[in-house]
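The working numbering applies: residue 24 is where the sequence shown begins, and numbers increase by one.
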Amino acid sequence: PRTALSLFLIGLGCAIGQHVFYSMKDGTLAEHQAWTIRIGTGLAYLLGFSMAALVGISRDQWVWRTLRTRFFPLKSIDALFGVTSNVTCFLDFNMVRHAKVSTALAALKW
């Protein structure tokens, strides 16, 4: 939970920081434009990275919760754990049908 909260707060801070940074730059002369773009891009990258990591951690936790409460064939368990790196795992009917939240979180990560 601490890691997820930390990633969320980092992402939120980057989003707010980028908004404030560009709001301060709005209406001013375009000085040091390369650095302005670098800072804005860096904040956007950190936001995307932290949110993707947060979704990944949440999905992994939900997969374990799902596996504790339901029976899955071995092929579907393999698909549940491989779906974040192999898009063809979405074709596993049992995974999509019985692990809807995990599948949705994996789709978000893609």
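Each residue gets a CB set at the ideal place from its N, CA and C atoms; glycine is no exception.
Should the stretch 28-47 be called in touch with the stretch 59-66, which here means at least 3 C-beta pairs below 8 Å?
-> yes
At least three beta-carbon pairs within less than 8 Å, the stretch 75-90 to the stretch 47-59 | no
Look at the alpha carbon of F113 and the alpha carbon of S125, and state the distance between them as a whole number of angstroms.
-> 11 Å
Could you tell me the distance, in whole angstroms, from the CA atom of S108 to the CA atom of D101?
-> Cα to Cα, S108 sits roughly 12 Å from D101.
Pick helix, strand or coil for T126, following the three-state DSSP scheme.
-> helix
S29 by DSSP, collapsed to three states: which one?
-> Of the three classes helix, strand and coil, the one that applies to S29 here is helix, per DSSP.
Find out if the Cβ-Cβ distance for the pair L77, L30 is shorter than 8 Å.
-> yes
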